[in-house]
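So the mapping is simple: the working numbering equals the position in the sequence shown, first residue as 1, plus 867.
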Amino acid sequence: MQLDAIAVFAEVARLKSFTEAGRALNAPLSTVSRKVSELEASLDTRLIDRSKRQIRLTDAGSTYYDLCRKGLESLAHANRVMNDRHTDTAGTITVTMPPNLCEFVFLTAVETYQLRYPKARLRILVSERLLDLVDDNVDLSFRVAAPTQSDLISRTIMRHRHRLVATPGYAAVNALPTAPSDLADHRRIGFGFSSKREITWSLSKGTKTEDIRFEPDLAVNDYAAIKAAVLAGQGIAELPEPLCQDVLQTGHLIEVMPEWRFPEIKLFAVHAGSTSLPKLARLFLDIVVSNLKK
């Protein structure tokens, strides 16, 4: 059994297309099809159902793909380690990050990266818009929306929720809400968009979920500014956990209705193509992930 046949099958399974796999591997369609057929024959198992227009993995094919993918990733990692021994840490990488999380999630990683790899240049684009990795020459993208394109590789690097918060001073003169409907009696600070006046807070308690739609008393499209406003006692606000954990721990803010929770948000690291990340981008990602685990 040849390793390249397994790699070809894995690419077909990932892209769900013989044609797309051929393009990714720069191989003729006939070669791709033959390699997969030879692999099925050697295993005496049908891996791909070709009876429909869009290919589908059989149950055995799905199991085999999951096992093969782990092995191929280990081999790719081994190759990267060997290549890194002969590659200098000089060059430029372009990284995109979502606003509001840049300073609080990535600043320390940027400082560590620059100190550790002084020959490397880092180009950071902070944008709410999902930049195109190819057209905008982006090496690595951090985003809160999972990619939908099959040719993009993503990895979940952080999970967090937003917290509903207020100052102890605000709570001292205002009876804090005990149910989402009570929020209508309070000044609310929200993350606002220019395209619409109303926003929605979706809060869940057990199996019950309530969507609170309202026009904020203060709307700002920057969470750092919202944090400053709520710390000034201007009302109740929702803040991402990475942005408010420090002031919750010190007692400068308290959580409002902690039993009612916002949905979980994932932060993804995304890059293009089936090949591994450029070395400099991978080194930066390793530092980011290491910092988030602390």
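Idealized CB from N, CA, C, for every residue including glycine.
Contact check, residue i vs residue j, beta carbons under 8 Å
| i | j | result |
| --- | --- | --- |
| histidine 1138 | isoleucine 1020 | yes |
| isoleucine 1132 | tyrosine 980 | no |
| threonine 956 | lysine 986 | yes |
| alanine 877 | leucine 924 | no |
| isoleucine 915 | valine 899 | no |
| leucine 1159 | methionine 1025 | yes |
| arginine 1010 | leucine 997 | yes |
| glycine 958 | leucine 1150 | no |
| valine 1040 | aspartate 1006 | no |
| alanine 891 | leucine 882 | yes |
| glutamine 1101 | arginine 1064 | no |
| alanine 1095 | leucine 1085 | no |
| proline 1083 | isoleucine 1066 | yes |
| valine 1123 | leucine 1098 | no |
| alanine 927 | arginine 913 | yes |
| isoleucine 1121 | alanine 1012 | no |
| glutamate 995 | proline 965 | yes |
| isoleucine 922 | serine 884 | yes |
Residues that DSSP places opposite residue i in a beta bridge
| i | result |
| --- | --- |
| phenylalanine 1135 | Arg1010 and Thr1023 |
| glycine 1057 | Ala1086 |
| isoleucine 1079 | Trp1068 |
| leucine 1121 | For clarity, residue 1121 is isoleucine in the given sequence; the question names leucine instead. Answer is Ala1033. |
| arginine 890 | Its beta-bridge partners do not exist; DSSP assigns none. |
| glutamate 1105 | Leu1031 |
| leucine 1098 | DSSP output for leucine 1098 lists no bridge partner at all. |
Burial state of residue i, where buried means 16 or more other Cβ atoms lie within 10 Å
| i | result |
| --- | --- |
| leucine 906 | buried |
| isoleucine 991 | exposed |
| asparagine 967 | buried |
| glycine 889 | buried |
| lysine 1231 | The shown model of the chain, from 868 to 1161, leaves out residue 1231, and the question about it has no answer. |
| threonine 1078 | In the sequence under discussion, the amino acid at residue 1078 is aspartate, which differs from the threonine named in the question. Flag for aspartate 1078 reads exposed. |
| threonine 930 | exposed |
| arginine 1008 | Per the sequence shown, residue 1008 should be read as serine rather than arginine. Looking at its Cβ environment, which holds 16 or more other Cβ atoms inside 10 Å, serine 1008 is buried. |
| leucine 982 | exposed |
| glycine 1036 | exposed |
| alanine 880 | buried |
| glycine 1118 | exposed |
| alanine 1136 | buried |
| leucine 1070 | buried |
| leucine 1110 | buried |
| leucine 1134 | buried |
| leucine 942 | exposed |
Local conformation of residue i per DSSP, three classes
| i | result |
| --- | --- |
| aspartate 1002 | coil |
| arginine 917 | coil |
| alanine 957 | coil |
| valine 1032 | strand |
| threonine 811 | In the structure as shown, the chain begins at 868 and stops at 1161. Residue 811 is therefore absent and cannot be evaluated. |
| lysine 986 | coil |
| arginine 1149 | helix |
| lysine 883 | coil |
| proline 965 | coil |
| leucine 924 | strand |
| glutamate 978 | helix |
| arginine 1128 | strand |
| leucine 1144 | coil |
| leucine 992 | strand |
| glutamine 1112 | helix |
| proline 895 | coil |
| glycine 1073 | coil |
| aspartate 1018 | coil |
| asparagine 1041 | coil |
| leucine 870 | helix |
| leucine 997 | coil |
| alanine 1046 | coil |
I'd like to know if the stretch 996 to 1004 and the stretch 968 to 983 are in contact, where contact means that at least 3 CB-CB pairs between them fall below 8 Å. The count of Cβ pairs closer than 8 Å, one atom from the stretch 996 to 1004 and one from the stretch 968 to 983, stays below three, leaving the stretches out of contact.
Hey, is the stretch 1086 to 1095 in contact with the stretch 1049 to 1059, meaning 3+ C-beta pairs nearer than 8 Å? These segments touch.
Assess, as a yes-or-no matter, whether the stretch 1104 to 1121 is touched by the stretch 1030 to 1041 under the definition of 3 or more beta carbon pairs within less than 8 Å. The stretch 1030 to 1041 vs the stretch 1104 to 1121: in contact.
Touching by the beta-carbon criterion (3+ pairs, under 8 Å), the stretch 1007 to 1021 and the stretch 1045 to 1055: By the Cβ criterion, the stretch 1007 to 1021 is not in contact with the stretch 1045 to 1055, since fewer than three pairs of Cβ atoms, one from each stretch, lie closer than 8 Å.
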